[in-house]
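What the sequence shown shows, in this note's numbering, is residues 685 to 931, in sequence order.
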Amino acid sequence: EIRLSLVGSEMCIRDRSCMCMKKEKNELITMATLLKKDEKIERNTKTFEKIMFLYSIASKELETKLEIIKEEFKLFYDYELIDHIQTRIKKPDSIANKMKTRGLPLTYQDMIENINDIAGIRVICPLKKDVFTVRDLVRKIPGVKVIKEKDYIHNPKKSGYSSYHMILEVPISLSHNFMYVKVEVQIRTMAMDFWASLEHKLKYKPQTEITKSSSKELVTCAKMVNKLDNKTVSYTHLRAHETKANL
Ligand code: 0O2
């Protein structure tokens with residue numbers, strides 16, 4: 685009997701430690717676990733701060749991976765694949781405006797599910813073909829899931845907007861769990877970026893409309909930018925001989 689109870693208590697201890705180990709295991713959780721059902725978005729609250737913190741970690745994780753690619757190409761292949769990388773977390777006003785425009789209820793759940801560019805990274809490349817090299821490398825980053833891609837380079841918007849968009853899910857490690865957080869990556873050439881920044885200020889964001897002729901001029905400029913990007917292809921052929929990378 686004594687032996688049996690000892691075995692029993694031994695098992696108890698072992699079971700308990702197993703349970704502890706299970707609790708310690710890094711489990712996949714979602715942002716929803718931090719929220720109450722249908723919780724309304726309220727800035728300057730702990731919940732808002734926590735959600736934005738998660739987006740900022742995901743952004744940093746991905747930015748680091750992209751910085752590594754940038755530096756690796758420079759150092760190992762003597763090639764400037766990426767000119768620079770910009771990151772931003774969408775401002776609360778911009779999030780609210782986008783949700784209102786889409787007729788979404790202002791809840792965290794709706795925000796998480798529908799607003800894909802809360803964490804945004806822009807990768808600016810010298811040449812058009814570099815954009816697609818970066819795209820292929822992003823697709824291969826271990827653990828990162830590609831949710832959606834939009835090729836506004838082969839299919840520019842009516843406005844003339846040109847860029848390659850990827851919606852990704854980036855795994856982030858927390859002390860006890862891990863979760864996937866959405867990050868939007870916009871990959872474009874320096875010329876496309878110049879045009880988009882200008883158009884963003886002049887037409888895309890302002891509430892007041894610009895004249896039809898200015899709008900047309902912007903489209904003409906976008907076509908010029910596209911020509912410029914296609915011209916730089918010949919420069920690439922010259923460069924390719926000098927690089928060690930299989931670009
Ligand atoms: P801001 O101020 O730049 O953040 P999605 O959820 O991806 O399916 P979304 O977000 O409407 O739907 O998709 P899209 O078309 O990929 O646009 C996302 C972002 O691309 C925009 O974010 C802009 O940054 C940029 N963009 C798209 N179209 C244009 C354009 O015509 N001109 C310029 N300059 N930028 C554009 P936001 O939130 O609209 O704006």
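By construction, the Cβ of each residue, glycine as well, lies at the ideal position given by its N, Cα and C atoms.
From a predicted model like this one, the values you see are computed outputs, not experimental measurements.
_Here's a check: name, in chain order, each residue in its chain whose Cβ is nearer than 8 Å to the Cβ of residue 705, leaving out the five neighbours to either side._
A caution first: residue 705 carries a pLDDT of 48, below 50, which makes its placement in the model unreliable, though a value can still be read off. Closer than 8 Å at the Cβ level, and outside the excluded window around residue 705, lies no residue.
*Exposed or buried, residue 802, counting other C-beta atoms within 10 Å across all chains shown (16 or more means buried)?*
buried
*Within 10 angstroms of the Cβ of residue 823, are there 16 or more other Cβ atoms? Answer buried if so, exposed if not.*
exposed
*CA-CA distance, residue 718 and residue 915?*
51 Å
*How far does the beta strand (DSSP E) with residue 769 in it reach, from first residue to last?*
768-773
*What are the start and end residues of the beta strand (DSSP E) that includes residue 833?*
829-835
*Please state whether DSSP places residue 796 in a helix, a strand or coil.*
helix
*Residue(s) in a DSSP beta bridge with residue 873*: 809
*Check whether the Cβ of residue 880 sits closer than 7 Å to any heavy atom of the ligand 0O2, and report yes or no.*
yes
*What's the call for residue 772, buried or exposed, on a 16-neighbour Cβ count within 10 Å?*
exposed
*Does the separation of the CB atoms of residue 812 and residue 913 fall below 8 Å?*
yes
*CA-CA distance, residue 778 and residue 784?*
10 Å
*From residue 874 to residue 721, what distance separates their C-alpha atoms?*
44 Å
*Hey, how far is the Cα of residue 727 from the Cα of residue 776?*
7 Å
*asked:* Give me the residue from 800, 808, 860 with the minimum Cα distance to residue 852.
replied: 800
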